[in-house]
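*Asks:*
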């Protein structure tokens, strides 16, 4: 199936003008501030700022119109993007190399029923198309149908979340240590202002500004997760979320390289889980979420995996790291332990508590890493406070490293690392120390 040459939606012209206007406004404001400081503003005003501003906007508008006019998108056996007239650029992508097509809508794009489109490639590096592409939603449906073989996806979401569910997810996914550190820093700033003798108004305004910053961050995350939907049809899944800025991903299941079932510290207390996917392209931007659902009960997580990823269900026997691995972890930390012990000769003996922490970390590294091997899957379990179960398909593994280390070599064990394609470059899973028997078993399964 083919798609004839077409231009982007004209809204791209307005968005490019607005983006350039913001840049010029910021630049002009900085320039005017400098003139005010040097008391030369009155002389500059004689050149008629308004005329200069109009000329700038005219040039920007002409360039935006020119860029839109000379940009074309079409599909034959490849996905094509042609840009430029004098400096031509032709991007040609093999359809089989496309991992997913994602869309994003801001408020303006919602009004015009258009979306910003991003093509995600299988390679996993950040090689998506840099130029912003805005198309009508009807055209995007055609592109999805041609590129991904997409039929109309079921509109009924497999998940449904209330406001309470979103608030719970924000709490369960929060980094407790970061929150505690933020509170300490906030009180530190306020205490410093009090000690410096600032008046109550300054202290109050500072506290309000910091508080509003936390509130805004929380509200923004809430709106990011608003209207979270998950649906499937045959071998494709669709994820969408966001209120003001809506993101949509349509991903063939065969393009998903691994799934990660994880729990934060507080989620372990409340027995909640979340599923993340490892897929080329998805998650290489700050506001992209790789999650398949919000934090949910074990029963709901198991049900989603059975419905969406039955090929990720596994039955395997637990394989712990070799007993010698604990010795290796401890020896690796001996230089740090020795340095701290030496410092105790001149400073407080309380520093020995740091050595105790190093020993505890080594024990945790040993106790919390294990494997399970299925016929088609490798299952890695890691973490004490933040626990993760990573399920990786053998067919999606790009590299297996059994790393020889100086200490590990004494015990004939190697450190296992597995790589697969992730959002940006390789996604590397560090699985721990294992014997040559496990090494041979994994290599044979890859053949």
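Numbering (the working numbering), first residue to last: 555 to 1001. Even glycine gets a Cβ: it sits at the ideal position worked out from N, Cα and C.
#1: Return the CA-CA distance between residue 884 and residue 912, expressed in angstroms with no decimal places.
#2: Report buried or exposed for residue 715, applying the criterion of at least 16 other Cβ atoms within 10 angstroms of its Cβ.
#3: Please name the residue, chosen from 987, 962, 573, that lies closest to residue 614 on a Cα-to-Cα basis.
#4: At least one CB of chain C closer than 8 Å to the CB of residue 885: is that the case?
#5: If I follow the unbroken alpha helix (DSSP H) through residue 856, where does it start and stop?
#6: Can you say whether residue 592 is buried or exposed, counting buried as having 16 or more other CB atoms within 10 angstroms of its CB?
#7: On the three-pair Cβ rule with 8 Å, is the region 609 to 629 touching the region 555 to 570?
#8: Taking all protein chains shown into account, do 16 or more other C-beta atoms lie within 10 angstroms of the C-beta of residue 672, making it buried, or fewer, making it exposed?
#9: Throw me the rounded Cβ distance for the residue 784 and residue 712 pair, which I believe falls under 8 Å.
#10: Are the region 867 to 883 and the region 918 to 932 in contact at 8 Å, needing three or more beta carbon pairs?
#11: Quick check: the Cα distance between residue 681 and residue 636, rounded to an integer number of angstroms?
#12: Does the structure place the region 954 to 961 close enough to the region 845 to 856 that three or more beta carbon pairs sit under 8 Å?
#13: With a Cβ-Cβ cutoff of 8 Å, do residue 666 and residue 565 count as a contact?
#14: Using three-state DSSP, classify residue 787 as helix, strand or coil.
#15: Output the distance between the C-alpha atoms of residue 746 and residue 766, rounded to the nearest integer angstrom.
#16: So, is residue 818 buried or exposed, given that buried needs 16 or more other C-beta atoms within 10 angstroms?
#17: From the DSSP output, in three-state form, read off residue 1008 for me.
#18: For residue 779, which residues from the same chain have a beta carbon less than 7 Å from its beta carbon, with the 5 sequence-adjacent residues on both sides left out?
#19: Decide if residue 827 is buried, meaning its Cβ has at least 16 other Cβ atoms within 10 Å, or exposed.
#20: If we ignore side chains and look at the alpha-carbon of each, how far apart do residue 595 and residue 608 end up?
#21: Going by the CB atoms, is the gap between residue 812 and residue 946 shorter than 8 Å?
*Replies:* Inspection of the coordinates gives the following:
#1: Counted from its first residue, the chain shown places residue 884 at position 330. Counted from its first residue, the chain shown places residue 912 at position 358. The alpha-carbon atoms of residue 884 and residue 912 are separated by roughly 8 Å.
#2: As a position in the chain shown, residue 715 is number 161, starting the count at 1. Buried, since its Cβ has 16 or more Cβ neighbours within 10 Å.
#3: Along the chain shown, one-based indexing puts residue 614 at 60. With distances taken between Cα atoms, residue 614 lies closest to 573.
#4: Among the chains in the structure shown there is no chain C, since it carries only a single protein chain.
#5: Residue numbering aside, residue 856 sits at position 302 when the chain shown is read from its first letter. Counting along the chain, the alpha helix (DSSP H) containing residue 856 begins and ends at 852 to 862.
#6: Translated into the one-based positions of the chain shown, residue 592 becomes position 38. Note on residue 592: pLDDT 49, under 50, position unreliable in the model; the coordinate value appears next. Burial call: exposed.
#7: yes
#8: Here residue 672 is taken as the residue at index 118 of the chain shown, counted from 1. Counting Cβ neighbours within 10 Å, residue 672 comes out buried, since at least 16 surround it.
#9: Indexing the chain shown from 1 puts residue 784 at position 230. Indexing the chain shown from 1 puts residue 712 at position 158. So it is a contact: roughly 5 Å between Cβ atoms.
#10: As far as the Cβ criterion goes, the region 867 to 883 touches the region 918 to 932, which means the pair count is three or higher.
#11: Residue numbering aside, residue 681 sits at position 127 when the chain shown is read from its first letter. Residue numbering aside, residue 636 sits at position 82 when the chain shown is read from its first letter. Because the pLDDT of residue 681 is 49, which lies under 50, any placement of that residue in the model is unreliable, and the question is left without a value.
#12: no
#13: As a first step, residue 666 is located in the chain shown; it is residue number 112 there, counting from the start. As a first step, residue 565 is located in the chain shown; it is residue number 11 there, counting from the start. Going by C-beta atoms, residue 666 is nearer than 8 Å to residue 565.
#14: In the chain shown, residue 787 corresponds to position 233, counting from 1. Residue 787: strand per DSSP, three-state reduction.
#15: As a first step, residue 746 is located in the chain shown; it is residue number 192 there, counting from the start. As a first step, residue 766 is located in the chain shown; it is residue number 212 there, counting from the start. Distance between the alpha carbons of residue 746 and residue 766 is about 20 Å.
#16: Position 264 of the chain shown holds residue 818. The residue is buried, with at least 16 neighbouring Cβ atoms inside 10 Å.
#17: Nothing can be reported for residue 1008, as the shown portion of the chain is limited to 555 through 1001.
#18: Numbered from its first residue, the chain shown carries residue 779 at position 225. Taken in chain order, the residues that qualify are 720, 723, 795, 848.
#19: For the purposes of this step, residue 827 is taken as the residue at position 273 of the chain shown. So residue 827 ends up on the buried side.
#20: Walking along the chain shown from the start, residue 595 turns up at place 41. Walking along the chain shown from the start, residue 608 turns up at place 54. Model confidence at residue 595 stands at a pLDDT of 48, short of 50, so the residue's coordinates are unreliable and nothing is read from them.
#21: On the chain shown, residue 946 is found 392 positions in, with the first residue counted as 1. On the chain shown, residue 812 is found 258 positions in, with the first residue counted as 1. Yes.
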